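Chains as they are written, first to last, in our numbering: chain B, 855 to 968; chain P, 41 to 155.
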């Protein structure tokens, strides 16, 4: 059974719209993260959460808003979508929010903005 | 500045041989953690192996092992007895012990194992 679930797997959106990417982890981890992977750049860290508290935000744009309704959920809301937002978004989790803890990745949501 | 560099963009090897993938990193932190992941053709990112900077012994995990050379800020991944299913993109990543807890990823090395 998948331990980290991301929904949807694929997403097509029009410029200017808003979408929510879903992430749930069943590893019993206390920390969750969002990363973005586009064709032109390596995996980029976006956000980290620990016990539902935002720990770090490396996303310059406020159009990206993480939402944590439960400890094992970390959704990503993206507003006013732009074609440059097209990428695969990966959710990850680790036992705790600490450098020594290995992060495990979900399968990703591939977003295409037209 | 924190940075991870993988200079090999792609490598091809024959099945059952050994391959080494290079990775160098930059950090001001005295303690840090190094990781290797692989990304399969389906896009799945899989954790392979890690090295803690304070450990002198090279980590091993199955047919993966690391060549950690701290003075050179280098962490090479060695795959022995390569298999077709090892074909993937391999990412090196570093995470400092203190400060921002980001993972810094390299751009990846694409490995093709030829039967």
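The C-beta atom is built at its ideal place from N, Cα and C for all residues, glycine as well. Predicted, not measured: the structure shown is a model, and the values here were computed from it.
DSSP beta-bridge partners of residue i
| i | result |
| --- | --- |
| residue 926 (chain B) | Its beta-bridge partners do not exist; DSSP assigns none. |
| residue 885 (chain B) | B:904 and B:948 |
| residue 867 (chain B) | B:967 |
| residue 935 (chain B) | DSSP lists no partner for residue 935 (chain B). |
| residue 9 (chain P) | An answer regarding residue 9 (chain P) cannot be provided, because it is not within the stretch 41 to 155 covered by chain P. |
Separation of residue j from residue i, as counted between CA atoms
| i | j | result |
| --- | --- | --- |
| residue 908 (chain B) | residue 967 (chain B) | 27 angstroms |
| residue 933 (chain B) | residue 99 (chain P) | 43 angstroms |
| residue 118 (chain P) | residue 107 (chain P) | 7 angstroms |
| residue 97 (chain P) | residue 865 (chain B) | 44 angstroms |
| residue 860 (chain B) | residue 80 (chain P) | 17 angstroms |
| residue 899 (chain B) | residue 954 (chain B) | 17 angstroms |
Residue interval of the beta strand (DSSP E) (run including residue i)
| i | result |
| --- | --- |
| residue 102 (chain P) | Neither: residue 102 (chain P) is in no beta strand (DSSP E) and is coded neither H nor E. |
| residue 875 (chain B) | 873–879 |
| residue 92 (chain P) | 85–92 |
| residue 50 (chain P) | 50–54 |
| residue 920 (chain B) | 918–921 |
| residue 152 (chain P) | 149–154 |
Reference residue i; option with closest CA among the options
| i | options | result |
| --- | --- | --- |
| residue 922 (chain B) | B:938, B:903, B:911 and B:936 | B:903 |
| residue 114 (chain P) | P:153, P:154, P:87 and P:92 | P:92 |
| residue 856 (chain B) | B:960, B:950 and B:965 | B:960 |
| residue 868 (chain B) | B:938, B:942 and B:950 | B:938 |
Within-7 angstroms CB hit, residue i to chain A
| i | result |
| --- | --- |
| residue 73 (chain P) | The structure shown contains no chain A; the protein chains it does contain are B and P. |
Q: Evaluate contact between the region 877–897 of chain B and the region 53–70 of chain P, counting only Cβ atoms and requiring at least three cross-stretch pairs below 8 angstroms.
A: no
(Q) Would the region 48–57 of chain P count as touching the region 91–103 of chain P if we require 3 or more Cβ pairs under 8 angstroms? (A) no
Q) Touching or not, the region 866–877 of chain B and the region 914–933 of chain B, by the rule of three or more beta carbon pairs under 8 angstroms? A) yes
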